[in-house]
Amino acid sequence: MSVKENAVPASATAVLTAKQQKRKETVKLIKQNYMLYIFLIPSIVFIALFMYAPLYGLQIAFKDYRPGDGIWGSAWSGLKWFQRFFESPRCWDLIKNTLAVSIYSLVAGFPLPIILALILNYIKNLKFKRFAQTITYMPYFISTVVLVGMLSLFFSPTSGFINTIIKAFGGEAIYFMGISKYFRHLYVWSGIWQSIGYNSIIYIAALAGVSPELHESAVIDGANILQRIWHIDIPTIMPTMIILLIMSLGGVMNVGYEKVFLMQNDLIIDVAEVISTYVYKIGLVNAQYSFSTAIGLMNNVINFIILVIANTVANKLTGSGLW
1 MSVKENAVPA SATAVLTAKQ QKRKETVKLI KQNYMLYIFL IPSIVFIALF
51 MYAPLYGLQI AFKDYRPGDG IWGSAWSGLK WFQRFFESPR CWDLIKNTLA
101 VSIYSLVAGF PLPIILALIL NYIKNLKFKR FAQTITYMPY FISTVVLVGM
151 LSLFFSPTSG FINTIIKAFG GEAIYFMGIS KYFRHLYVWS GIWQSIGYNS
201 IIYIAALAGV SPELHESAVI DGANILQRIW HIDIPTIMPT MIILLIMSLG
251 GVMNVGYEKV FLMQNDLIID VAEVISTYVY KIGLVNAQYS FSTAIGLMNN
301 VINFIILVIA NTVANKLTGS GLW
């Protein structure tokens, strides 16, 4: 009996001693590298002020917020604003338009930077390779306003070169920017053209880590370029692809309002109105702060759920994920 009684305290003491030793080692490491932790302070302050502090305002999604009463002074309304959104006739049209644009962008835009990176990786002429990289990167630095202005000029029914070509072949001018069925195509493919080069950078960096010995062995065994891409390059960059895909899926309900808003007009509003532009209009233009906050919160909760599901599935199928 006395042996058992003494064994438990001894075990607990050993665990406590191990924890104390680990704590001392951690403190020692922090003291040795204190300059590195000092450099982290600006980042921590930035995240705290601009990422977490604004979360305080989310409570107005559950209140009848009035600026004069302040956040704390406004009365609680429960789920009133969420219910109002889901019962509104525009709710499902907004969700459908948002998902249509977002999924179209993801399906069409996700593989193309990978393909571009693979093509650039096999270009042997360094001068041409650098020229091609520069040409594909440049559109990324065009502002959204300028890009939409370019679309308006290029697809103008009177002076746009696209309609000029159509009329040269005997066709009639088309007002592309004012026809609903063309909106999503113009939005998605102009976005792909603008971002494909920039998005390929991370894949080019990942391909740079592929061992040349693997390619040399594959060439000796008679493998062609497509076989080397399929069996060497793609498996190497697969973890990067999965992580970026998970992050893209986590933002599937987020469609940046700037470009959509600039491309909108009364003729295509039935397909061009998405959640982000609707929140902008009712929140900042119509000053319905509680209603817009509720919609934005709902949107982000859905994104978070999709992110968790995508990460869980990726971990189970491939062993790669964000956490």
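Start counting the sequence shown at 1; every next residue gets the next number (my numbering).
Ideal placement from N, C-alpha and C gives every residue a C-beta, glycine not left out.
Report the rounded CA-to-CA distance for residue i versus residue j, giving the unit in angstroms.
i	j	result
K284	Q264	Per the sequence presented here, residue 284 reads as Leu, with Lys not at that position. For L284 and Q264, the distance between alpha carbons rounds to 17 Å.
I18	K24	It should be noted that the sequence gives Ala, not Ile, for residue 18. Spanning the two alpha carbons is a distance of roughly 10 Å.
G250	N303	5 Å
G149	I95	27 Å
F46	F62	27 Å
I202	I119	14 Å
I232	S211	9 Å
N6	L36	For N6, the predicted structure reports a pLDDT of 48, less than 50, and the residue's modelled location is therefore unreliable. A value from the coordinates is still provided. Computed Cα separation, rounded: 45 Å.
S105	T144	16 Å
Q59	L307	23 Å
A223	E213	13 Å
S248	I103	10 Å
Q20	L29	14 Å
V188	S195	11 Å
K316	I234	19 Å
K129	A205	14 Å
P157	I174	6 Å
I305	A314	14 Å
V3	T26	Residue placement at V3 is flagged as unreliable, the pLDDT there being 46, under the threshold of 50; a coordinate-derived value is accordingly withheld.
H185	A272	12 Å
S88	D270	15 Å
I228	I237	What sits at residue 228 in the sequence shown is Arg, not Ile. Going from the Cα of R228 to the Cα of I237 covers about 13 Å.
Y137	P67	44 Å
V8	T318	Reliability fails at V8, whose pLDDT of 46 lies under 50, so the model's placement of it is uncertain and no value is given.
F50	W92	31 Å
E172	V252	37 Å
Go through its chain and collect everything with a Cβ distance to residue i's Cβ below 6 Å, but skip five positions before and after it.
i	result
G109	I192
Y182	F176
F141	none
G209	none
I295	F85, V279
M1	The predicted model places M1 with a pLDDT of 45, which falls under 50 and marks its position as unreliable, so this point remains unresolved.
Could you give the residue range of the alpha helix (DSSP H) that holds residue i?
i	result
T318	289-318
P235	234-249
G97	Looking at the sequence provided, one finds Asn at residue 97 rather than Gly. Looking at the DSSP string, the run of the alpha helix (DSSP H) that includes N97 is 91-109.
H215	212-220
A173	From DSSP, A173 is part of no alpha helix (DSSP H); its letter is neither H nor E.
E87	80-87
G149	144-154
T277	275-280
T164	161-168
I229	Counting along the chain, I229 falls outside any alpha helix (DSSP H), and DSSP gives it neither H nor E.
Taking DSSP as the reference, what is the three-state secondary structure of residue i?
i	result
A75	strand
D64	strand
K124	coil
K19	helix
L49	helix
W323	coil
A7	Note that A7 scores a pLDDT of 47, beneath 50, so its modelled location is shaky; the value from the coordinates is reported in the next line. Note: A7 maps to helix in three-state DSSP.
D266	coil
S200	coil
S190	helix
I179	coil
S2	Its pLDDT being 46, under 50, S2 is placed unreliably by the model, and the measurement read from it follows with that caveat. Of the three classes helix, strand and coil, the one that applies to S2 here is helix, per DSSP.
P113	helix
A208	coil
P54	helix
G283	helix
M138	helix
M253	coil
Leaving aside the five residues before and after residue i along the sequence, list all residues of the same chain whose C-beta is less than 7 Å from its C-beta, in chain order.
i	result
L322	I243, I246, N311
I165	none
D64	S74, A75, S77, S290
Using a Cβ-Cβ cutoff of less than 8 Å, which residues in the same chain neighbour residue i once the five nearest sequence positions on both sides are dropped?
i	result
V274	L94, N97, T98, V101, V255, Y257, V260
W277	Reading off the sequence shown, one finds Thr at residue 277, where the question assumed Trp. Counting only Cβ-Cβ distances below 8 Å, and skipping sequence neighbours, we find Y257, V260, F261, Q264.
Y56	I71
A132	L120, I123
M298	F82, F85
Does the distance between the C-beta of residue i and the nearest non-hydrogen atom of the ligand GDP fall short of 7 Å?
i	result
R23	No copy of the ligand GDP appears in this structure; indeed no ligand is present at all.
Can we say the segment 69-89 touches the segment 281-295, given the rule of at least three CB pairs closer than 8 Å? Yes: the two stretches touch, three or more of their Cβ pairs being nearer than 8 Å.
Quick check: the segment 184-200 against the segment 111-129, are at least 3 beta-carbon pairs closer than 8 Å? Yes: the two stretches touch, three or more of their Cβ pairs being nearer than 8 Å.
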